[in-house]
Structures are given as structure tokens and as C-alpha cells.
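Novice:
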Amino acid sequence: MDDMTTKDVQEPYTKHLLHYFDGTSRYVLIKDEEVPFPEGKLIVSRTDLQGIITHCNQAFIEMSGYTEEELIGQPHYILRHPDMPKVAFKDAWDTVGSGVKWHGYVKNLRKDGRYYWVYATIILNIRDGKPVSCTSVRRKPSRTQVDACTALYAKLRQAEEE
Amino acid sequence: MRYVMTVSPDFPPGQIAGWYIFNTWLQRQLGEHIHVELYSDFEAQRKAIREGQIDLIYANPFDAAMLVREEGFTAIAAPLSKPDEAVIAVAVDSPIQQVADLKPGTRIAATDDPDVNLISMIMLEPADLSAQNTQTQTVGTYILVAKQVLQGKADVGFFLKDAFAGLSGMIQRQLRVLVRSEIHVIRHVLLVGPRLRERHGDLWNLLSEMGENDKGRDALKNLGLQGWEMQTQEDTEFMIDLMDTLVN
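Here it is, written out as C-alpha cells:
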């Protein structure tokens, strides 16, 4: 995946190097500006079992800032924000991989460097008794929970860096 | 063999005749005897499904998972351009201006329509509201939901978008939309039961061509539908997976 550049992200921003679980890494440019989740909408996507996006709805496209062509075929971690602790994603994939529904609050990174919070649910899609893909649905989170997670994730990130 | 067709109990009362007209059209086209059995509530309908009494159903998306994954129904069609969307409304002079203004203890008026109630409760989550810290009054029709709100007996009302649009102008002017869903992919679906499965291909052909002749078009018009969008099993499985993520 390509590094984020000033072509898409306007100053001011901070630059971070993210390392992903598959051994790859990229530079992301972060702006301290939230985009509110729209009322009444759901962000829906589907990935294969390797986490590659195979389907996304219009709300996903609008909130991520990417086009559908830019999203399909990319790993879902294209949205990963450096403020998210790695342990949150490990918990999500371990839970879903064992066939259990996962819920959690996630801070996502947009193409333009801004961010948006979601309440995410991920399930494993079973067909003929076999896991074939994952569906993820994100909805508007409560501000109380977002504030609590902001503090929690900062502590978890600090622990991961020590 | 005599088959039984039923319709999700949340269909608009004005369309009862439409379903009988649809059934008459279907029986003639298919050459089968089909009886329409309507239920006044979801529980009674679910009991009939569990007892294997139903062969064709225009199902609420909330029940699609049970029908497909537990009772062996298969998807055939969904109404064209007619997603199930929800509207949450308050009285026009209510101090509530946005969802975030709602507090624990909020009084909700709703019908027993399961997908509208599910979508509506999700739209209240940003205010930290749930079934545990709200009071829901379940009434029989969307007109009664409006009355509960207008009489000050409820702070908010949950409506199916089409039902809200069908309220009289006088009632609508006394209500204000707080939030409306834009989900697009949750919708009713026509499902075929195991006994009727051998006619699945014939049903598919009939419904996909229904809008191409006068009698078919008339039957669709009486149902308030533009047409059918044919469904693969995977289309319906996708919607069921989505519904699954929404049910805690």
C-alpha cells in the first residue's frame, strides 16, 4: 500500500510510520480533525478471510474519502489510525476467527488524514458450514463511549510502546 | 397440493386486497391452489412457520434469518426500490432537537414491527439509549404511534418510513422528523418454503416477467410495488449477515 502524501492531506498534519500484521508498513499523515458519523447511516463492507475488501457501500466510500476502485482489493487496515492499539485488532480477529461476533469502538483514518469514530460489529460469514468471508457494519457511536475509548486506547498504546 | 401464502403482518392495511389479487394472479399463472393466510401479529405468524404451515411468505427482514437458516426457505425476489427505512419523530413543539438531546427514561411509542424497532433503537444509541434505559409502549398501528406522541404520552415515535409518509397531512404537520435511516439494503423478501421448492424456477420466471403484461402490472400496482428484483440465495444471505451484525 502506498504512503499517504500531501497530494491528499493538507497541512497541518503529523507523520507516522505504521507497521501492519502482515509485515508491511506505510507512512500515514494525520490531522487532528474529526468527521462526524452521519445520522441514520450504516457503513457496510465485506472482506475475504485475509481481510481484503471485496464489497463496500456508499456510506463507506463517503466516510473513508476513497473511491470504490481504490478500496476494493485493499486490506481493511487501509483505515487504521495510529491512535488505535494493536491489541484491539488482535482481539477482533481472534474473536471473529473463532466464530464469535465482535463489537468495538474504532477510530478510523480517512484518505484526507482526518478521522471518524464508529461502533463496529464484525461477523464471520458461514456458507455450507464453512467460513467464507467477513461482514463488518459500522454505526454511529455514543460520544460517552468514544471519550472512554479515547482514554483507554491512549493507555493501551502507551503500554505497547514501552 | 394446496399451498399457503402469508404476508409479514406489518404490511399496510390498505393493501390487504392487493395480496388477494396477487394470489389470484399467481394461482392462475402457476396452476396451483394457494390459500392466503394473514396473521395479526408476528408471534402468531412465527408459530405457523415453525409448524410448517407456510409455503410462500413476503417476510420481514428480521424473520428472514430464521426462515432461511432454520426452516429451509429459499429467496426468490425483493420489492424493487423499496428498502425498509425507519423514521423517528417527535411532536413539532418538542424541545428535543436532535438524538443527542434524548435522555435515559425516554418514552418510546412503537408497533411490534421488528426491523423498524431494531433500526430505530440503533439510531438512538448515540444518545446512550437502549431497551434497558427507555420505556417502550407497543401499540397496534402507526397511527396509534403518532397519537401517543401527539398526546404527550411518548417522547418519540418509531415509524416505517412508508407508514410515516402515509399519515394524514394534519397528523404529519404536528410531528417533526428527528432522524431517518438511510440503510438501503434491508428490505422485505419473498421466500419459498420447502414444499413449494420444485416450483421455484417457475415462480422466478413468473415474477421476473410480472411487469410485462397488464394483469401482472395491475397486481403489482395493487401491492404498491414497482416490480420485483430477483434475488439469489447469496443476496438474501448477505442481508441476513447484515441483520445479524445489528442484533446484539
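Those protein sequences? They're chains U and D, same order as listed. The numbering of the first sequence is the working numbering, which starts it at 841 and goes up by one. The numbering of the second sequence is the working numbering, which starts it at 187 and goes up by one. Note that the Cβ used here is the ideal one computed from N, Cα and C, for glycine as well.
1) Once you ignore the five residues that flank Gly338 (chain D) on each side, which residues in its own chain have a CB closer than 6 Å to its CB?
2) Contact between the region 963-979 of chain U and the region 877-889 of chain U: three or more CB pairs below 8 Å?
3) For a contact defined as C-beta to C-beta under 7 Å, what are the partners of Ile308 (chain D) on chain U?
4) Which residue spans inside the region 267-293 of chain D form an unbroken beta strand (DSSP E) run of at least 3?
5) What are the residues that DSSP puts in a beta bridge with His859 (chain U)?
6) Quick one: grab the DSSP three-state call for Met844 (chain U).
7) Thr297 (chain D) and Thr324 (chain D) look like a contact to me (Cβ under 8 Å); what is the Cβ gap, rounded to whole Å?
8) By DSSP, does Val375 (chain D) sit in helix, in strand, or in coil?
9) Cβ atoms of Tyr956 (chain U) and Glu874 (chain U): under 8 Å apart, would you say?
10) Would the beta-carbon of Ala295 (chain D) fall within 8 Å of that of Met416 (chain D)?
11) Which residue wins for smallest C-alpha separation from Asp287 (chain D), given the options U:Leu857, U:Ser982 and U:Tyr860?
12) Please state if the CB of Leu432 (chain D) and the CB of Ile235 (chain D) are separated by a distance shorter than 8 Å.
13) Could you tell me if Arg967 (chain U) is buried or exposed, where buried requires 16 or more neighbouring beta carbons within 10 angstroms of its beta carbon?
14) Return no unless some Cβ of chain U is closer than 8 Å to the Cβ of Ile282 (chain D).
15) Determine whether the Cβ of Gly880 (chain U) lies closer than 8 Å to any Cβ atom of chain D.
16) By how many angstroms is the C-alpha of Thr990 (chain U) removed from the C-alpha of Arg950 (chain U)?
17) Look at the alpha carbon of Gly397 (chain D) and the alpha carbon of Trp211 (chain D), and state the distance between them as a whole number of angstroms.
18) Would Asn965 (chain U) pass as an interface residue toward chain D - the criterion being a Cβ-Cβ separation below 8 Å?
19) Comparing C-alpha positions only, which one of D:Ile274, D:Pro247, D:Ala250 and D:Leu224 sits nearest to Glu311 (chain D)?
20) Here's a check: name, in chain order, each residue in its chain whose Cβ is nearer than 8 Å to the Cβ of Leu266 (chain D), leaving out the five neighbours to either side.
21) Do Leu882 (chain U) and Ile426 (chain D) have their beta-carbon atoms positioned less than 8 Å apart in this structure?
22) Any beta-carbon of chain U closer than 8 Å to the one on Leu428 (chain D)?
23) Measuring only between beta-carbons, confirm whether Ser267 (chain D) sits less than 8 Å from chain U.
24) Alpha carbon to alpha carbon, how far is Arg214 (chain D) from Ile963 (chain U)? Give it in angstroms, no decimals.
25) What's the gap between the Cα of Phe228 (chain D) and the Cα of Trp933 (chain U)?
Specialist: If we stick to the structure as given:
1) none
2) yes
3) Arg979
4) 272-277
5) U:Ser865
6) coil
7) 7 Å
8) strand
9) yes
10) no
11) U:Ser982
12) no
13) exposed
14) no
15) yes
16) 17 Å
17) 12 Å
18) yes
19) D:Ile274
20) Leu411, Gln412, Gly413, Trp414 and Glu415
21) no
22) yes
23) no
24) 43 Å
25) 36 Å
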